[in-house]
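**Student:** Residue numbers (the UniProt record's numbering): 1 to 754.
Note that CB positions come from ideal geometry on N, CA and C, so glycine has one too.
Shown below is the structure under consideration.
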Amino acid sequence: DFGRSSELAFVVEPSDDIAVQEQPLILYCQVEGIQPITITWRKNGVMIVDSENAFMLANGSLYVSRFQRVRGDGSSDEGEYDCMAQNHYGLLVSRKAKIQAATMSDFHIHPQNAVVEEGGVARFQCQIHGLPEPVILWHKNSMPVNTDNERYTLLPKGVLQITGLRAEDSGIFHCVATNIANVKFSREARLTVSGSHSTVYKDPMILVGPENLTLTVHQTAVLECIATGNPRPIVSWSRLDGRPIGVEGIQVLGTGNLMISDLTVQHSGIYVCAANKPGTRVRRTAQGSLVVQAPAEFVQHPQSISRPVGTTAIFTCVAQGEPPPQITWLRNGQILETSDHIKLKNNNSTLSIYGINQADEAIYQCLAENSAGSTQASARLTVLWADGLPSPPQSVRAETVSATTIQVSWEKPLQNTKEIIGYVLHIRKAADPVEMEYQEAVSKSTFQQLVTDLEPSTSYSFYIKAYTSRGASKASEVTVVSTLGEVPAMPSLFIKVINSTTVQATWEPSIKLGQHEGFKLYYRKVHLSQYTGPVLLASNITAYNITHLDASVVYEVKLLAYNQHGDGNSTVRFVSLRETVERTVLNPPCDCMKDEQNNKTSTTGIIIGIHIGVTCIIFCILFLMFGYRGRLLMCKNVQEQLSTPQIPRSQRSATGLVLNGATRRDRDDRDLNGKQLDMNELERLFPASPSQEQQEKGITSAHSLSAPHDETQISTLPQDEFSIIEEQPDPLSQNPHASSPAAPAPNHSSANEG
């Protein structure tokens with residue numbers, strides 16, 4: 001760190017001033033820092049050479065002997081002045097001081113004669129421009145107006161207001177304007193007060209409302225509002241945005257003029273003057289805007305720093321003001337130009353210098369400027385360089401491995417390699433700015449690095465630095481290489497059966513697919529080796545109907561996405577249309593009259609079924625209580641009596657299957673040992689017919705009798721379907737003729753018979 005006393009810095013900078021014609025002018029400039037320090041002056045960016053009229057004093061200030069607004073050769077002493085200080089560390093430029101000549105124009109508004117009735121309001125105005133702003137005073141009958149009179153109000157902009165007029169107020173008025181340049185008198189105007197005070201009602205009226213003003217902080221604003229009416233109106237002020245005006249620094253001049261002292265930026269806004277008739281809601285309003293500007297000032301100054309060669313230096317300069325200041329950076333007094341390794345960010349508030357070298361050592365200045373003023377701050381960059389550092393790594397090469405991986409290799413430096421503690425690989429997308437660069441550290445014994453997680457089809461730049469405990473080497477040569485292109489990912493595929501000869505393949509677009517030009521669709525019968533296709537589909541297509549299919553076989557459907565780099569992996573689905581054919585047989589066309597008749601009997605059947613169920617439970621409890629050993633045979637499938645005739649169970653067992661999320665029906669066969677056999681996907685596509693043994697048995701499990709979930713019908717159980725068979729004694733069970741006892745055949749009735 002360098003102490004503030006050793007830094008090159010301004011103690012006093014030149015300030016804005018207004019100079020008087022033919023009078024001397026002094027611009028001050030005082031600098032501290034390590035000697036020797038050289039000070040020079042510029043006007044409008046041009047170096048000032050000492051002359052008889054303008055020369056530099058021993059303390060560094062500039063002396064102008066006879067200020068002239070316009071000289072004989074057409075030149076002028078007006079302009080923007082700055083001083084420059086330089087030592088062997090760099091050069092510093094002061095803020096710009098704006099020098100203007102004191103002037104005063106002629107009056108462009110003179111007071112006018114007025115005739116006003118007694119008790120009314122009189123207003124005189126005169127206006128004149130000058131630098132500095134002229135002070136305007138009023139005279140009545142050649143004598144200064146008595147400002148102690150509360151009825152007389154003098155406003156800064158040359159306005160005289162007289163309220164509650166009396167006869168003695170009549171007279172001749174004129175104004176006097178004064179500044180360092182001149183003194184001028186306006187024309188005279190006569191005020192005549194006529195008649196007596198009138199009692200006739202008059203609506204409130206605003207004679208003059210507030211003007212739009214633009215001022216600087218710490219100045220004083222006067223917003224004029226003068227109103228008349230009978231009775232005399234009450235004048236009030238408010239802000240258009242509803243915020244309170246406040247009380248600090250607020251004062252009312254005369255009968256309604258608003259004066260705000262020591263302005264701040266928060267005072268900016270639109271002010272509304274209202275003239276209200278006492279005791280009523282009758283009012284008249286006028287409004288004017290107040291804009292308060294603030295000169296630029298620094299919230300955060302840049303700090304001097306020291307950095308080793310090859311690292312990054314960052315300076316931060318934050319300024320505020322109203323309007324917001326523009327920030328400009330200088331390097332040794334010259335406008336800083338950005339490049340690949342010099343970047344400005346955050347509205348020029350942040351200066352970043354990447355891969356610094358000895359040529360970057362300088363004094364950097366931040367200039368903040370707006371319409372209200374300017375300021376500057378500076379900081380020095382010291383570049384640390386040690387003798388005996390390694391030379392740059394050699395033979396840097398980059399080879400593409402995949403769409404996301406590049407291998408970078410290099411050779412050790414030619415000089416000063418003993419103190420190397422490692423290497424740093426600098427990586428950046430070739431299209432990105434330098435500040436987007438990132439690094440990977442590598443051990444000193446490694447001369448290659450596999451860079452992963454890169455983006456496909458993207459160019460990257462690489463360079464290497466060798467590091468020691470005392471600093472880094474210069475950067476190696478930059479090598480640029482691109483990653484390979486990437487094929488799209490697998491699409492998600494869904495198959496929907498439309499009818500007995502058509503299926504629909506659908507898929508969803510997804511960013512996970514990556515860049516793709518379209519899709520390829522293939523399909524085939526599973527027992528064939530050759531596909532039909534490809535069917536080429538655009539990237540915005542998400543569905544395709546495959547028609548003219550054979551309902552008796554299973555099809556394989558395959559979909560993949562492709563781009564200029566090739567085909568992606570495919571998604572495969574299997575589909576059978578057999579289920580659709582069988583559903584057509586199982587569900588004949590609707591007989592509306594018949595269905596209506598069924599609906600009429602369904603409620604009665606349900607009630608009967610509930611009673612039968614309760615009866616079964618009671619019988620079971622009774623048999624358990626009395627110790628009988630019996631077997632309760634479940635009732636036959638009532639669905640066969642209450643619904644339309646069904647096709648045989650053996651035909652109904654062969655079902656189709658869609659493997660992408662449609663209904664799947666698993667067939668479970670039990671072997672002699674009671675073990676369950678798992679069936680694979682294609683076996684379920686070709687289901688075997690029920691075994692002969694199952695067809696011969698008179699007892700069928702509840703599972704084998706259950707219909708598919710989408711074909712379930714409401715059934716009722718007639719009372720004559722329920723029977724109980726008592727288990728025979730053991731000797732009879734050994735009789736071969738008694739091996740399959742059967743219950744007496746009940747009388748069957750159809751569902752339509754109720």
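If you drop the 5 nearest sequence neighbours on each side, which residues of the same chain put their C-beta closer than 8 Å to that of Arg-397?
**Tutor:** Reading the sequence shown from its first residue, position 397 is the one you call residue 397. Once the five neighbours on either side are set aside, the close Cβ partners of Arg-397 are Val-408, Ser-409, Trp-410 and Thr-479.
**Student:** Should the segment 419-428 be called in touch with the segment 465-476, which here means at least 3 C-beta pairs below 8 Å?
**Tutor:** yes
**Student:** I'd like to check one pair, Asp-262 with Gly-229: are the Cβ atoms closer than 8 Å?
**Tutor:** On the sequence shown, residue 229 is found 229 positions in, with the first residue counted as 1. On the sequence shown, residue 262 is found 262 positions in, with the first residue counted as 1. It is not a contact, given that the beta carbons lie outside the stated cut-off.
**Student:** Provide the residue span of the beta strand (DSSP E) that contains Asn-545, from first to last.
**Tutor:** Here residue 545 refers to the residue found at position 545 of the sequence shown. Counting along the chain, the beta strand (DSSP E) containing Asn-545 begins and ends at 543-546.
**Student:** How is the beta strand (DSSP E) around Ser-194 delimited, first residue to last?
**Tutor:** Taking the first residue of the sequence shown as 1, we reach residue 194 at position 194. That run of the beta strand (DSSP E) goes 189-194.
**Student:** Can the beta-carbon of Lys-157 be found less than 8 Å from the beta-carbon of Val-222?
**Tutor:** To locate residue 157, count along the sequence shown from 1; it is residue 157. To locate residue 222, count along the sequence shown from 1; it is residue 222. Their beta carbons are under 8 Å apart, which means Lys-157 touches Val-222 by this criterion.
**Student:** Using CA coordinates, which residue listed in Gln-300, Ile-226 and Arg-166 is at the minimum distance from Ile-327?
**Tutor:** For the purposes of this step, residue 327 is taken as residue 327 along the sequence shown, with counting starting at 1. For the residues Gln-300, Ile-226 and Arg-166, the minimum Cα distance to Ile-327 belongs to Gln-300.
**Student:** Can you tell me which of the three DSSP states Arg-524 falls into?
**Tutor:** Position 524 of the sequence shown holds residue 524. Arg-524: strand per DSSP, three-state reduction.
**Student:** Kindly provide the ranges of any beta strand (DSSP E) runs that are 3 or more residues long and lie completely inside the segment 250-284, ordered along the chain.
**Tutor:** Unbroken beta strand (DSSP E) runs of no fewer than 3 residues, entirely contained in the segment 250-284, are found at 250-253, 257-260 and 269-276, following chain order.
**Student:** Under a Cβ-count criterion, where at least 16 other Cβ atoms within 10 Å of its own Cβ denotes burial, should Asp-106 be classed as buried or exposed?
**Tutor:** Translated into the one-based positions of the sequence shown, residue 106 becomes position 106. Classification of Asp-106: exposed, given that the 10 Å Cβ count is below 16.
**Student:** Taking just the CA atoms, how far does Arg-123 sit from Glu-297?
**Tutor:** For this step, residue 297 is matched to residue 297 along the sequence shown. For this step, residue 123 is matched to residue 123 along the sequence shown. Those two C-alpha atoms are separated by around 41 Å.
**Student:** Between Pro-323, Thr-192, Asn-141 and Thr-542, which has its C-alpha nearest Thr-216's C-alpha?
**Tutor:** Here residue 216 refers to the residue found at position 216 of the sequence shown. The option with the nearest alpha carbon to Thr-216 is Pro-323.
**Student:** Met-205 bridges to which residues according to DSSP?
**Tutor:** Residue numbering aside, residue 205 sits at position 205 when the sequence shown is read from its first letter. Met-205 pairs with Thr-228.
**Student:** Indicate whether the contact test is met: 3 or more Cβ pairs, each with one atom in the segment 384-399 and one in the segment 99-119, closer than 8 Å.
**Tutor:** no
**Student:** Between which two residues does the beta strand (DSSP E) harbouring Trp-410 extend?
**Tutor:** Counting from one through the sequence shown, the residue named residue 410 turns up at place 410. 406-411 is the extent of the beta strand (DSSP E) around Trp-410.
**Student:** Given 7 Å as the limit, tell me if Pro-244 has its C-beta closer than that to any heavy atom belonging to the ligand ATP.
**Tutor:** Among the ligands in the structure shown, none appear at all, so the ligand ATP cannot be discussed.
**Student:** Suppose the cutoff is 8 Å on Cβ atoms and the five residues either side in sequence are ignored; what does the same chain contact list for Asn-357 look like?
**Tutor:** On the sequence shown, position 357 is the one that residue 357 refers to. Cβ neighbours of Asn-357 beyond the five flanking positions: Val-309, Gly-310, Val-383 and Lys-474.
**Student:** Does DSSP put His-611 in a helix, in a strand, or in coil?
**Tutor:** Here residue 611 refers to the residue found at position 611 when the sequence shown is read from its first residue. Taken through DSSP and simplified to helix, strand or coil, His-611 comes out as helix.
**Student:** Taking C-alpha atoms, which residue in Ile-99, Val-183 and Thr-192 lies nearest to Val-116?
**Tutor:** As a first step, residue 116 must be located in the sequence shown, where it is residue number 116. In terms of Cα proximity to Val-116, the closest of Ile-99, Val-183 and Thr-192 is Thr-192.
**Student:** If we require 4 or more residues per run, which alpha helix (DSSP H) segments fall completely within the UniProt domain "Fibronectin type-III" (392-486)?
**Tutor:** Whole alpha helix (DSSP H) segments, 4+ residues: zero.
**Student:** What are the residues that DSSP puts in a beta bridge with Met-104?
**Tutor:** Along the sequence shown, one-based indexing puts residue 104 at 104. Per DSSP, Gly-130.
**Student:** Just reading off the beta strand (DSSP E) that Ala-85 is part of, what are its end residues?
**Tutor:** In the sequence shown, counting from the first residue as 1, residue 85 sits at position 85. It spans 79-87 - the beta strand (DSSP E) in which Ala-85 sits, taken as one unbroken run.
**Student:** Compare the Cα-Cα distances from Ala-427 to each of Thr-615, Ile-406 and Lys-412 and report the closest residue.
**Tutor:** Stepping through the sequence shown from its first residue, residue 427 is reached at position 427. This sequence places Ile at residue 427; Ala is not what is there. Ranking the options by Cα distance to Ile-427, first place goes to Ile-406.
**Student:** Quick check on this structure: which residue in Val-434, Gln-334, Asn-346 and Glu-78 has the alpha carbon closest to the alpha carbon of Ser-461?
**Tutor:** Taking the first residue of the sequence shown as position 1, residue 461 is located at position 461. Checked all of Val-434, Gln-334, Asn-346 and Glu-78; the closest Cα to Ser-461 is Val-434.
**Student:** Can you give, in chain order, each stretch of the beta strand (DSSP E) that sits fully within the UniProt domain "Ig-like" (295-382) and has at least 3 residues?
**Tutor:** Within the UniProt domain "Ig-like" (295-382), the runs of beta strand (DSSP E) that reach at least 3 residues and sit entirely inside it are, in chain order, 305-308, 313-316, 318-322, 326-331, 342-345, 350-353 and 362-370.
**Student:** Expressed to the nearest angstrom, what Euclidean distance is found between the alpha-carbon atoms of Ile-335 and Lys-429?
**Tutor:** As a working mapping, residue 335 is identified with position 335 in the sequence shown. As a working mapping, residue 429 is identified with position 429 in the sequence shown. The alpha-carbon atoms of Ile-335 and Lys-429 are separated by roughly 29 Å.
**Student:** Skipping 5 residues on each side, what residues in its chain have a beta carbon closer than 7 Å to that of Ser-539?
**Tutor:** Reading the sequence shown from its first residue, position 539 is the one you call residue 539. The residues are His-516, Glu-517 and Gly-518.
**Student:** To the nearest angstrom, report how far apart Leu-290 and Lys-43 are at their CA atoms.
**Tutor:** Here residue 290 refers to the residue found at position 290 when the sequence shown is read from its first residue. Here residue 43 refers to the residue found at position 43 when the sequence shown is read from its first residue. Between Leu-290 and Lys-43, the C-alpha separation is close to 34 Å.
**Student:** Would you mind working out which of Asn-149, Gln-125, Ala-181 and Gln-219 sits nearest Leu-155, comparing C-alpha positions?
**Tutor:** Position 155 of the sequence shown holds residue 155. Considering only alpha carbons, the answer is Gln-125.
**Student:** Pick helix, strand or coil for residue 814, following the three-state DSSP scheme.
**Tutor:** Missing from the structure shown is residue 814; the chain here goes from 1 to 754 and no further.
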